[in-house]
Structures are given as C-alpha cells and as structure tokens.
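See structure below.
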C-alpha cells in the first residue's frame, strides 16, 4: 500500500509537471505560481463536495456535488485565475520579471487564503473528502486506493497523449518558435502574447486537474500543504527528465519522487528533530537543480529536435497531403492558361517538410 | 491621525532596513547581471550568526551586528565563487533558477542546524520615545540611524573611492572595464562581499525589529526587497533608497488599516502594479521595451 500511495502522488505531480512544462519547457516562461493553481484546484474540489460548514469552521460555497463534476468546476475556476495572472504577467514581462510577478501573485494568494478564514478556513484548512464513491463502488479501503492509482495513471496517460499531440502540432511548434526568438516569430505573423497565453491557460488547467485529484488523494488540505517552494521539486523533476520532452518530464517526476523518497528513507533522522530529514531532502533537491543546470541542462531525455535541425532527415509529405498536392499540380498543368510548368512526377519525388505544408493556416 | 503617524514611523524603520537590503540586491545585479534569489539568505545567515553570537559576546549589540555582517560577507563571497562565476555566460533565467536552488539549500541547512521553529534575540528593545510626531522604540531609532549611516557610507564608497568607480565601470561593461585595466573579477568578488556584509547586517536589524524569526526570514523579505528594487529601478543604487521608502510606507500604512497579516499582500499588489506600469522604476519615464528579454 505504501508504494501505491507513492506512485499515486507521483502520478498526480506528473500531470502538474506536464502542464508546467508547456509553459516553461515549450514557452520559456519560468512561472512560480503553478503550485497555487494546484492548491486552488484542490480547495475548490473540497468546498464543492463536502457540504455546508459547521461553525466555527467556515468556508465558501459548501455544496454536495459529485466529485467528478466538482473537479471540472475547480478546473474552470483555476483557469479563470490563471487568465487574470497570465494577462498581467505575460503581456510585457519576460524572464525574471515574469517569474517575480508570478511569485508575488502566488504569495498574495497564499497569505490571503491563510489569513482570511471565510475563504477556506484559513490555517486550519478544509477536510472531509474521504474516498468519495467508495461505498457506491463497493470497494474496500485498500481496493479504493489501488483504483485511485489506476484512475490517476489513466488520466496521466490521457494528458500525455494530448500534450504529445499538441507538442507535434502547429501550436507546439509555434510556441517553441516564440520561445526561441519572440521577434522573429512576431515578424512571421505569430501572435506572441496569444500563443503564450493559450499555453499558460492549458498548463493551468492541467494544474487544476492535478489539484482535484490531489484533494481525493490526501482528503485534507491546509496552507502548510502548499508553500510555494514546493514547486521547485517539480522544476527539479522537469530538469532531470528533460525540459520540453513530455516523456522525459513524466520520467523525471517518477525518478525524483520515487527515487528520492526511496533514497532519503535511509538518511539519518534524529528522533528529537522531525524537521531534519525533510530539510535534508530539500537541500538535495536544491543541489540537484544546480548540478543539472550546470552540467546537463537538457536533462536525461532531450527535447525532440526541431524539424529543421541538422542531422534529422526531412520527412516527406504525409499521404493525404501528397495526394492533394499532386491533384493540384495535375490540374494546374492540364489547364493551358497556367504559366507554371510543373512536372507532377518531380513533385511527388520531392521530400517536403511537414512544417511548411500544414502550418500555414494557424498563424 | 496619531495612528497614521505611528504607522508612518514604523514604516520608516522598515524602509530603512529595506533600503539596505535593496541596495545590496541592486549592487549584486549591477556587477553580475543576476537577480539573486539567494539574496534573502544573506539576511537569514546574518540574523542567525548574530543569534549564535549574542551569548558569546554577552548581549553586546554592536558585536552581534559585526558578526552578522561578517557572516553575510562570507556568504556573499561563497555564492559568487561557488555559483555565480560558475554560471557566467549562461542566460539570466538559468542563473536565476540556480540561485533559487541555492536559496533552498541555505534555508534548509539552517533548518538542520537551528530547527524550523522561530527563535528570538534577548537584546533589550528599550523604551518608547516620542520623536517629533513619531513613536519609536530605542532599537527602532538605532535601526534608522544605522541604516542611514550605512547608506551614507555606501554613497561615499560608490562616488568617492576608486573601488566605487571600478564597481560602476564593471556594472556598465565588464569586458570594457577589464581591457581598461580594472581587475574585473576581483571587483565583482569584492562587490559580492560588500553586498553580503550589508545584507547580513540588514538581516540582523530586521530580526531585531520583528522580534522572532525563523529560517524563512530572508525568503519572505526577498520579495519586499525586489519590490523596493523595482520601485526604484533595478541596478540604480540611489533610486533604490526611494523605492524602499515607498514600499515600507505602503506596507505599514496598508497593514495598519486592515490587519498586519495583509501587509505583504499590499506589497505584492504594489509589485504587480509596478511591473505593469513602471517596470523600470517610478523615477524614470515609462518604457516597457527595456525589460523585454
């Protein structure tokens, strides 16, 4: 059971990391607010499912929604917050200015949640979401936890498929082109702000989803569960796995979470000092970030090289494209008025980059 | 009205500390082009060094302050040699993330040594004094006077000495300074030592003013420092003083009229507003282009 919970947690954070990697890995924006999105997703899932608060406990909403619906609503709320923060931070601010602004925003949120009790009961936090649906599904406690791991892994896999698809889509390439050279991308007609903004909102949605799953996983949530520094572990995992590579990101999270928990269990831990070994774990994470940045910034699995990078053979057009191009060429050649002299055979032999053919429509 | 003036008085004490921290932060930025996220840890190290020293030196405040400054200086030198110089030539954001890693390391090493619980000094705070319209404790006055003194010394150092001239040259263009015969590496090194010392001292007076502190002291103060730095204009030491004044006052006055728990919320809102409308500082004309990467 111990390993079930370790893997569930890693799976949830892998979903968060996929979202964060879209923003940082593809878009190049170092955001520090993402743990706040996870937290908000978690809080919203709680207050939408656990019903009215009994005084002196107080929090907003207090509905009894089914948990799946609650998570969806939570994601919407998270995206709405990200839409505000992103609209402020992404428009003109880059790099450190962006990072500092997002950090300021998440700290303001943190302090507000911690001190303003009518929101999410301040420092005490919210609790009481214990294995929703366990009786309806007729599962034992352990059976439920295993089922939860399965659900998390399935959602992670679906998220991976979507992200991987996006990564190879015109949108993914556009985002990377904005990262590599914002001005060049703008000169080629890409809408820089909108591109970054869409990636930011999508990433935040994944963070909110992870937050909802996290709510089910830990069944109680308070400010001590989400100090904004926690996000650094996720960044460390992305760095280890390979920034910009979805497969690497997931691998990195599992390596860092599972590997770290396994390794640091054997660290010396004086019984009188319960804060000793978590602190040592943080020290190791800090060291890992610095060493990875210094010696292997691309991580274990490199980002897929761009289509025009040397050493990568240009790929021919996919079948439907080739057929359409051929038909168009034949039509052009047969109509006598055409000044173009195209030989369909030569065209079909020509290897054409995918990128030049299907990117046109998405400026 | 008297509530307002008391909060202005406390705000001035806070602004004095903030100005020290922000000047040090901006000096680090000026010579190395690094937004040093481990800067807050210099303050924490200074505060804890003074905490360790207070018993050795029998409650001598001046000795504790010197120890804090020395510890901060060592931390500054160590960070420059061990991290900043190692990452020379890398992109600004990479170095920034690395310093963030360093901040986590220092903070948690302090947890391992001193524990995560808050500690406090046993120096006497002194009585309350009415100075003009303000109400200050003895230690508040000491803080303000010493901060002004350090700020004055820094000004003289930057404007009147060869070292100050060299710092300004290196911050303009390190390579050009190097070919002009300025030992750029040594100047950068000494600047980090200076910035660390100022920060360590600032950490001590900050901890003394707050009363109790823990390993997150510096990290929480870092965002205020950055807000003050941005308010003044990053890389401009004198304007930073003005920025610190603005932030200190907004913080205290805002906190007085709502709840002290929301002080930092006001600071961060101010930061966001500054980033939106005056990213190059309130003392220069608006130009958003310059902060684009």
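Chains as they are written, first to last, in the working numbering: chain F, 95 to 457; chain B, -11 to 281. We treat Cβ as the ideally placed atom computed from N, Cα and C, and that holds for glycine.
- Name, please, each residue of chain F whose Cβ falls closer than 7 Å to the Cβ of residue 92 of chain B. As a position in the second chain, residue 92 of chain B is number 104, starting the count at 1. Within 7 Å Cβ-Cβ: 323, 326, 376, 379 and 380.
- Item | Counted within 10 angstroms of its Cβ, other Cβ atoms place residue 261 of chain B as buried (16 or more) or exposed | Walking along the second chain from the start, residue 261 of chain B turns up at place 273. Exposed.
- Answer yes or no: does any C-beta atom of chain F fall closer than 8 Å to that of residue 192 of chain B? As a first step, residue 192 of chain B must be located in the second chain, where it is residue number 204. It does not: the Cβ of residue 192 of chain B has no partner Cβ on chain F nearer than 8 Å.
- Message: Please state the DSSP three-state secondary structure of residue 314 of chain F.
- Response: In the first chain, counting from the first residue as 1, residue 314 of chain F sits at position 220. Strand.
- Does the region 21 to 29 of chain B touch the region 229 to 241 of chain B, meaning 3 or more C-beta pairs lie closer than 8 Å? The region 229 to 241 of chain B vs the region 21 to 29 of chain B: no contact.
- Check the Cβ of residue 369 of chain F against every Cβ in chain B and list those closer than 7 Å, keeping chain order. Indexing the first chain from 1 puts residue 369 of chain F at position 275. The contacting residues are 99, 103 and 104.
- Per-residue contacts from residue 121 of chain B into chain F (C-beta, under 7 Å): Here residue 121 of chain B is taken as the residue at index 133 of the second chain, counted from 1. The CB of residue 121 of chain B never comes closer than 7 Å to any CB in chain F; the least such distance is about 30 Å.
- Proximity test, Cβ basis, 8 Å: residue 391 of chain F and chain B: Counted from its first residue, the first chain places residue 391 of chain F at position 297. Yes, residue 391 of chain F counts as interfacial toward chain B.
- Task: Closer than 8 Å by beta-carbon distance: list the chain B residues that pair up with residue 194 of chain F, in chain order.
- Result: As a working mapping, residue 194 of chain F is identified with position 100 in the first chain. Under the 8 Å cutoff, chain B gives 23, 211, 214, 218, 259 and 263.
- Task: Let me know if residue 154 of chain F comes out buried or exposed under the rule of 16 or more other beta-carbons within 10 Å of its beta-carbon.
- Result: For the purposes of this step, residue 154 of chain F is identified with residue 60 of the first chain, where counting begins at 1. Exposed: under 16 other Cβ atoms inside 10 Å.
- Message: Here's the rule: buried if 16 or more other CB atoms are within 10 angstroms of the residue's CB, otherwise exposed. What is residue 95 of chain F?
- Response: Within the first chain, numbered from 1, the residue matching residue 95 of chain F stands at position 1. By the neighbour-count rule (16 or more Cβ atoms within 10 Å), residue 95 of chain F is not buried but exposed.
- Query: On the three-state DSSP scale, how would you describe residue 170 of chain F?
  - Reply: Walking along the first chain from the start, residue 170 of chain F turns up at place 76. The answer is helix: DSSP assigns residue 170 of chain F an H, G or I state.
- Any heavy atom of the ligand FAD within a distance shorter than 7 Å of the CB on residue 33 of chain B? With respect to the ligand FAD, the structure offers nothing, as it holds no ligand at all.
- Item | chain B within 8 Å of residue 316 of chain F, Cβ atoms only | Numbered from its first residue, the first chain carries residue 316 of chain F at position 222. It does not; no Cβ of chain B falls within 8 Å.
- Query: Taking DSSP as the reference, what is the three-state secondary structure of residue 201 of chain B?
  - Reply: As a first step, residue 201 of chain B is located in the second chain; it is residue number 213 there, counting from the start. It is a strand residue.
- From residue 343 of chain F to residue 111 of chain F, what does the alpha carbon distance come to, in whole angstroms? Locating residue 343 of chain F in the first chain gives position 249, counting from the first residue. Locating residue 111 of chain F in the first chain gives position 17, counting from the first residue. When rounded, the separation of the alpha-carbon atoms in residue 343 of chain F and residue 111 of chain F is 7 Å.
- C-beta atoms of residue 53 of chain B and residue 45 of chain B nearer than 8 Å: As a first step, residue 53 of chain B is located in the second chain; it is residue number 65 there, counting from the start. As a first step, residue 45 of chain B is located in the second chain; it is residue number 57 there, counting from the start. It is not a contact, given that the beta carbons lie outside the stated cut-off.
- Message: Assuming contact is defined by CB atoms lying nearer than 8 Å, are residue 136 of chain F and residue 308 of chain F in contact in what I supplied?
- Response: Counting from one through the first chain, the residue named residue 136 of chain F turns up at place 42. Counting from one through the first chain, the residue named residue 308 of chain F turns up at place 214. Yes.
- Considering residue 118 of chain F, what are the terminal residues of the alpha helix (DSSP H) in which it resides? Residue 118 of chain F sits at position 24 when you count from the first residue of the first chain. Per DSSP, residue 118 of chain F belongs to no alpha helix (DSSP H) and is neither H nor E.
- Item | Cβ distance (whole Å) where residue 212 of chain B is taken to contact residue 220 of chain B below 8 Å | The residue given as residue 212 of chain B occupies position 224 in the second chain. The residue given as residue 220 of chain B occupies position 232 in the second chain. With a Cβ gap of about 13 Å, residue 212 of chain B and residue 220 of chain B do not count as contacting.
- Item | Contacts around residue 123 of chain B, its chain only, beta-carbon distance under 7 Å, and the 5 residues preceding and following it disregarded | Sequence index remark: in the second chain, residue 123 of chain B carries index 135 (1-based). -6, -3 and 116.
- Using the beta-carbon of each residue, which ones in chain F are nearer than 9 Å to residue 11 of chain B? In the second chain, residue 11 of chain B corresponds to position 23, counting from 1. Per Cβ cutoff of 9 Å: no residues; residue 11 of chain B is ~18 Å from chain F at best.
- For the region 46 to 131 of chain B, which segments carrying the beta strand (DSSP E) assignment without a break, of at least 3 residues, lie completely within its bounds, in sequence order? 116 to 119 and 122 to 125
- Message: Is there a Cβ of chain F sitting closer than 8 Å to that of residue 201 of chain B, yes or no?
- Response: In the second chain, counting from the first residue as 1, residue 201 of chain B sits at position 213. Output row for residue 201 of chain B: interface = no.
- Message: Counting only Cβ pairs nearer than 9 Å, list the residues of chain F close to residue 68 of chain B.
- Response: One-based indexing of the second chain puts residue 68 of chain B at position 80. Per Cβ cutoff of 9 Å: no residues; residue 68 of chain B is ~14 Å from chain F at best.
- Item | Near-chain F residues of the region 154 to 172 of chain B - C-beta to any C-beta below 7 Å | none
- Using Cβ-Cβ distances below 8 Å, what residues of the region 33 to 62 of chain B are close to chain F? none
- Query: Taking three-plus beta-carbon pairs below 8 Å as touching, is the region 291 to 306 of chain F in contact with the region 364 to 371 of chain F?
  - Reply: no
- Message: Going by the DSSP bridge assignment, what does residue 221 of chain F pair with across the sheet?
- Response: Locating residue 221 of chain F in the first chain gives position 127, counting from the first residue. Paired residue(s): F:314.
- Close beta carbons around residue 169 of chain F, own chain, < 6 Å, minus the five adjacent residues each side: Translated into the one-based positions of the first chain, residue 169 of chain F becomes position 75. Counting only Cβ-Cβ distances below 6 Å, and skipping sequence neighbours, we find 299, 302 and 303.
- Note down, in chain order, each residue of its chain lying with its Cβ closer than 6 Å to the Cβ of residue 196 of chain F, except the 5 sequence neighbours on either side. Here residue 196 of chain F is taken as the residue at index 102 of the first chain, counted from 1. Excluding residues within five positions, the ones whose Cβ falls inside 6 Å are 125, 126, 127 and 183.
- Minimum C-alpha distance to residue 383 of chain F - residue among F:157, F:109 and F:335: As a position in the first chain, residue 383 of chain F is number 289, starting the count at 1. It is F:335 whose Cα lies nearest to the Cα of residue 383 of chain F.
- Message: Please list, in chain order, the chain C residues whose beta carbon lies closer than 8 Å to that of residue 82 of chain B.
- Response: Among the protein chains in the structure shown, which are F and B, there is no chain C.
- Query: In chain F, which residues lie less than 8 Å from residue 85 of chain B when you measure between Cβ atoms?
  - Reply: Against the second chain, residue 85 of chain B aligns to sequence position 97. Those within 8 Å of residue 85 of chain B in chain F are 124, 329, 383 and 387.
- Query: In angstroms, rounded to a whole number, what distance separates the CA positions of residue 256 of chain F and residue 332 of chain F?
  - Reply: Position 162 of the first chain, counting from 1, holds the residue named residue 256 of chain F. Position 238 of the first chain, counting from 1, holds the residue named residue 332 of chain F. Taking the straight line joining both Cα atoms gives about 18 Å.
- Query: For residue 206 of chain F, which residues in chain B fall below 7 Å Cβ to Cβ?
  - Reply: Here residue 206 of chain F corresponds to residue number 112 of the first chain, with the count starting at 1. By Cβ distance, chain B contributes 253.
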